[in-house]
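Line by line, the protein sequences are chains A and B. Okay, so the first sequence: first residue is 19 according to my numbering, each after it adds one. Okay, so the second sequence: first residue is 19 according to my numbering, each after it adds one. Backbone N, C-alpha and C fix where the C-beta goes; we use that ideal spot for every residue, glycine too. The block underneath contains the structure these notes are about, expressed in structure tokens.
Protein chains: 2
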Amino acid sequence: MKKGKLEFISSEHDHQRCIAEALARAEEICANRGQRFTAIRRKVLELIWQQHKPIGAYEVLEQLQRQGRAAPPTVYRALDFLQDLGLVHRIESLNAFVGCNQPHLPHEGQFLICESCRICAELYSDEIHSVIEKKAFAAGFKVRQQRVEIMGLCRKCLKERSKK
Amino acid sequence: MKKGKLEFISSEHDHQRCIAEALARAEEICANRGQRFTAIRRKVLELIWQQHKPIGAYEVLEQLQRQGRAAPPTVYRALDFLQDLGLVHRIESLNAFVGCNQPHLPHEGQFLICESCRICAELYSDEIHSVIEKKAFAAGFKVRQQRVEIMGLCRKCLKERSKK
DNA sequence: TTTGAAATGTTATAGTATTTCGAAACATGG
DNA sequence: CCATGTTTCGAAATACTATAACATTTCAAA
Chain A
19 MKKGKLEFIS
29 SEHDHQRCIA
39 EALARAEEIC
49 ANRGQRFTAI
59 RRKVLELIWQ
69 QHKPIGAYEV
79 LEQLQRQGRA
89 APPTVYRALD
99 FLQDLGLVHR
109 IESLNAFVGC
119 NQPHLPHEGQ
129 FLICESCRIC
139 AELYSDEIHS
149 VIEKKAFAAG
159 FKVRQQRVEI
169 MGLCRKCLKE
179 RSKK
Chain B
19 MKKGKLEFIS
29 SEHDHQRCIA
39 EALARAEEIC
49 ANRGQRFTAI
59 RRKVLELIWQ
69 QHKPIGAYEV
79 LEQLQRQGRA
89 APPTVYRALD
99 FLQDLGLVHR
109 IESLNAFVGC
119 NQPHLPHEGQ
129 FLICESCRIC
139 AELYSDEIHS
149 VIEKKAFAAG
159 FKVRQQRVEI
169 MGLCRKCLKE
179 RSKK
């Protein structure tokens with residue numbers, strides 16, 4: 019991932035490696051915080067990272083069930099855990115979950131969601147963050163968390179659309 | 019409502035009038051667009067405006083049922099209609115709905131949600147809007163809609179908390 | 001007054017998330 | 001190594017949120 023400038027995932031990127039890195043980061047973060055990165059949690063995180071698209075809890079559940087029994091609470095517990103550690107974000111407008119690329123940095127969620135291909139990328143813009151903070155403060159509001167969800171078309175889908 | 023600076027709803031504001039104004043605005047907007055402001059739609063909007071807090075669809079349903087039969091689709095249809103006209107916004111992180119103060123202006127949703135008293139106020143910040151637009155554009159993304167949901171404490175709850 | 005479109009009624013069902021309680025796995029101190 | 005308390009997981013039930021599908025009614029324009 020380039021620094022400073024977000025790029026949508028290119029089709030040629032090595033996704034197996036991408037997943038492996040995410041799992042490695044997760045392992046490290048859990049270790050640092052004395053949390054257990056159990057088999058279920060690892061599997062759920064891995065399933066989420068299969069694509070750069072948000073995935074629903076019940077979709078995760080279905081996948082899990084292909085290798086044994088599982089019930090909704092199993093998935094939701096894992097998702098809660100992963101969210102608490104910043105490894106996964108919930109996309110409110112989709113009721114779905116996506117892996118976080120920068121779990122080591124504390125940040126608020128800023129998401130670009132492509133309505134065509136469903137890919138979801140994260141912005142890490144201090145500028146957006148601070149403008150929101152400023153405006154909220156001006157209204158006498160103390161911010162605990164801010165979520166930004168941006169719907170539209172990613173670069174790739176935009177290009178394809180203009181071809182026609 | 020003051021211009022330029024958002025104020026959280028003060029407890030002494032004349033809420034009956036507030037509701038009446040919202041209904042009058044709705045009536046006008048419907049008329050302008052050749053849409054029917056039916057009894058159900060009016061009632062649902064009125065229920066939503068009872069408080070400046072987001073209200074769930076099933077809560078609206080319960081209220082509706084106090085004066086006759088009603089089923090979920092009735093409520094969701096009215097909510098869809100009201101959202102299409104900008105009279106109501108959906109707060110994604112709460113699965114709930116809140117009335118819009120500025121339905122005549124096209125705008126994206128920017129919400130301040132108090133986690134203590136649940137009151138929800140809307141920002142109308144061009145600055146937030148344009149910064150998000152700019153950053154998305156820089157990422158090659160074409161924005162169709164943006165949602166900002168800010169969780170924290172409103173002025174009033176903040177003050178009360180500091181008393182203790 | 002007919003008629004076609006929009007709105008509503010009704011039943012069923014899909015989709016998302018949590019509660020509750022009990023069993024198992026794990027880390028830690030003795 | 002065992003006892004013990006804590007965390008994690010299993011399992012069943014249920015709550016909450018939203019939509020599908022089709023019948024019926026309402027309304028306005030021809």
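Interfacial residues, the region 152–168 of chain A to chain B, with Cβ spacing under 9 Å: Using a CB distance below 9 Å, the part of the region 152–168 of chain A facing chain B consists of K152, K153, A154, A156, A157, G158, F159, K160, V161, R162, Q163, Q164, R165, V166, E167 and I168, ordered along the chain.
Distance CB(F129(A))-CB(E77(A)) smaller than 8 Å: no
Reference P124(A), options Q164(A), F55(A) and S28(A), closest by Cα: Q164(A)
8 Å Cβ cutoff, S143(A) in contact with chain B: yes
Limits of the beta strand (DSSP E) - the one that I131(A) falls within: G127 to C132
N-terminal and C-terminal residue of the beta strand (DSSP E) that Q164(B) is part of: K160 to L171
Range covered by the beta strand (DSSP E) that runs through I109(B): V106 to I109
Proximity test, Cβ basis, 8 Å: C172(A) and chain B: yes
Delimiting residues of the beta strand (DSSP E) encompassing C14(B): Residue 14(B) falls outside the range modelled here, since chain B spans only 19 to 182, and no answer is possible.
Classification of S143(A) by the beta-carbon crowding that lies within 10 angstroms, buried from 16 upward: buried
Among D32(A), G170(A), A38(A) and N50(A), nearest to L103(A) - alpha-carbon criterion: N50(A)
Chain A contact residues for V106(B), given Cβ-Cβ distances below 7 Å: Using a Cβ-Cβ cut-off of 7 Å, V106(B) is close to nothing in chain A; its nearest Cβ partner there is about 16 Å away.
Ordered list of beta strand (DSSP E) runs contained in the region 50–125 of chain A, each at least 3 residues: Within the region 50–125 of chain A, the complete beta strand (DSSP E) runs of at least 3 residues are 106–109 and 114–117.
Burial state of A42(A) (16 or more Cβ within 10 Å): exposed
Under the three-state DSSP convention, the category I27(B) falls into: The answer is coil: DSSP assigns I27(B) none of H, G, I, E or B.
Three-state secondary structure assigned by DSSP to A156(A): helix
Alpha-carbon to alpha-carbon, T92(B) and I58(B): 8 Å
Nearest neighbour of I109(A), chosen from F155(A), C138(A) and K61(A) [CA to CA]: C138(A)
Residue nearest to G74(B) in terms of C-alpha spacing, selected from C135(B), M169(B), E133(B) and A114(B): A114(B)
Presumed contact (8 Å Cβ cut-off) between F141(B) and A157(A), rounded CB distance: Reading the sequence as shown, one finds Leu at residue 141(B) and not Phe. Contact flag correct, Cβ pair sits at about 7 Å.
Where I27(A) meets chain B, residues with beta-carbon distance less than 8 Å: Neighbours of I27(A) on chain B: none; closest Cβ ~12 Å, over 8 Å.
Nearest-angstrom beta carbon gap, L105(B) and L63(B) [assumed within contact, 8 Å]: 6 Å
Alpha-carbon to alpha-carbon, N119(A) and K20(A): Confidence in K20(A) is poor, its pLDDT being 40 and thus under 50, which makes the residue's placement too unreliable to answer from.
Chain B contact for L82(A) (CB, 8 Å cutoff): no
Helix, strand or coil at D144(B) according to DSSP, with G and I counted as helix: helix
Pairwise C-alpha distance: R60(A) and Q83(A): One alpha carbon belongs to Q83(A), the other to R60(A), and they sit about 15 Å apart.
Cα-Cα separation, T56(A) to L100(A): 11 Å
Contacts that L123(B) makes with chain A (C-beta to C-beta distance below 8 Å): Here the premise fails: no neighbours, minimum Cβ distance about 17 Å.
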